[in-house]
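In case it helps, full-length UniProt numbering puts the sequence shown at residues 1 to 195. All C-beta atoms, glycine included, are put in the ideal place defined by N, C-alpha and C. Predicted model only: the values in this text are computed from it and were never measured. Below you'll find the structure, written out as structure tokens, and then a few comments.
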Amino acid sequence: MERRRIERDLHDGAQQRLLELGMTLVAVRMELDDGDAEAAKPLVRRAADQAGAVLAELRELVRGIHPRVLTDLGLPAAIAELADRSTVPVTVTVDLPDRPPSTVEATAYFVVAEAFTNAARHAGATQIAVRGGRRGARLVIEVRDDGCGGADPARGTGLTGLADRADAHGGALTLSSPVGGPTVLRLELPWPGFA
Numbered sequence: 001m002e003r004r005r006i007e008r009d010l011h012d013g014a015q016q017r018l019l020e021l022g023m024t025l026v027a028v029r030m031e032l033d034d035g036d037a038e039a040a041k042p043l044v045r046r047a048a049d050q051a052g053a054v055l056a057e058l059r060e061l062v063r064g065i066h067p068r069v070l071t072d073l074g075l076p077a078a079i080a081e082l083a084d085r086s087t088v089p090v091t092v093t094v095d096l097p098d099r100p101p102s103t104v105e106a107t108a109y110f111v112v113a114e115a116f117t118n119a120a121r122h123a124g125a126t127q128i129a130v131r132g133g134r135r136g137a138r139l140v141i142e143v144r145d146d147g148c149g150g151a152d153p154a155r156g157t158g159l160t161g162l163a164d165r166a167d168a169h170g171g172a173l174t175l176s177s178p179v180g181g182p183t184v185l186r187l188e189l190p191w192p193g194f195a
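Here's what the structure looks like:
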């Protein structure tokens with residue numbers, strides 16, 4: 001069980017940050033190929049920040065803890081940080097009156113991280129919106145992108161892994177992704193202590 005958790009955390013966390021770093025470096029190369037070193041400078045700074053963030057995340061994972069911002073500030077702040085690092089513009093509206101259990105926060109965090117990466121890498125999205133809150137005894141997070149749609153869990157392990165992660169905590173992950181978009185990923189997780 002612990003091995004599966006670490007595999008999921010690596011896939012949904014550090015691996016996604018490395019993919020974002022790779023995408024930023026491709027953008028740097030394109031600017032340099034076009035002879036625009038000035039346009040490449042902010043991208044190089046962003047890549048350095050992304051490399052530092054993934055290194056910190058790997059160090060935290062090795063120590064067996066959640067990302068520091070999630071531990072220290074909670075899910076809304078952690079999602080806001082993911083949005084700031086995203087290569088696609090993201091609007092975040094996550095309103096939580098209090099903190100859910102750490103396992104619920106971690107599951108939601110990694111699902112959102114994977115959704116951001118999928119939107120940028122596979123869907124060609126130009127905008128992502130995240131909404132979330134407590135609905136009765138459940139945490140509900142919805143990630144919507146304006147990409148090309150057509151996401152199919154049967155074609156890759158990322159979405160299947162997210163569904164497995166939600167299921168392991170008694171939750172559910174639903175996906176609506178018609179060809180042409182939009183893609184909407186909805187996560188619902190039990191929030192113990194509320195009826």
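With contacts defined by Cβ atoms closer than 8 Å, aspartate 12 and glycine 161 form a contacting pair. Taking 3 residues as the minimum length, the beta strand (DSSP E) runs contained wholly in the stretch 28-109 are 90-95, in order along the chain. The Cβ-Cβ distance between arginine 155 and threonine 174 does not fall below 8 Å. Contact between the stretch 86-101 and the stretch 110-125 is present, with at least three C-beta pairs closer than 8 Å. Residue nearest to threonine 126 within the set Arg29, Arg138, Gly136 and Gly147 is Gly147 (criterion: CA-CA distance). Counting only residues of its own chain and dropping the five nearest sequence neighbours on each side, aspartate 84 has no CB closer than 6 Å to any other CB.
DSSP places proline 153 within a helical segment (H, G or I) once states are collapsed to three. Taking C-beta atoms under 8 Å as the contact rule, arginine 138 and glutamate 188 qualify, at a distance of about 5 Å.
With respect to the C-alpha of aspartate 145, the residue from Arg165, Gly181 and Ala47 having the closest C-alpha is Gly181.
Scanning Pro178, Arg134, Ala39 and Glu57 for the CA closest to the CA of proline 190 turns up Arg134. Going by beta carbons, arginine 17 and glutamine 50 fall inside the 8 Å limit.
Each residue's CA atom was taken as its position, placing serine 102 and histidine 169 some 11 Å apart. In the structure shown, alanine 172 falls within a strand segment according to DSSP collapsed to helix, strand and coil. In the DSSP annotation of this structure, the continuous segment of the beta strand (DSSP E) that includes alanine 129 starts and ends at 128-135.
When DSSP reads this structure, glutamate 188 sits in a beta bridge with Val140 and Ala172.
By the neighbour-count criterion, in which a residue is buried when 16 or more other Cβ atoms sit within 10 angstroms of its Cβ, aspartate 33 is exposed. The beta carbon of glycine 193 sits closer than 6 Å to none of the beta carbons in its chain outside the five residues before and after it. Closest option to aspartate 9, judged by alpha-carbon separation, among Gly74, Pro76, Glu57 and Leu43: Glu57.
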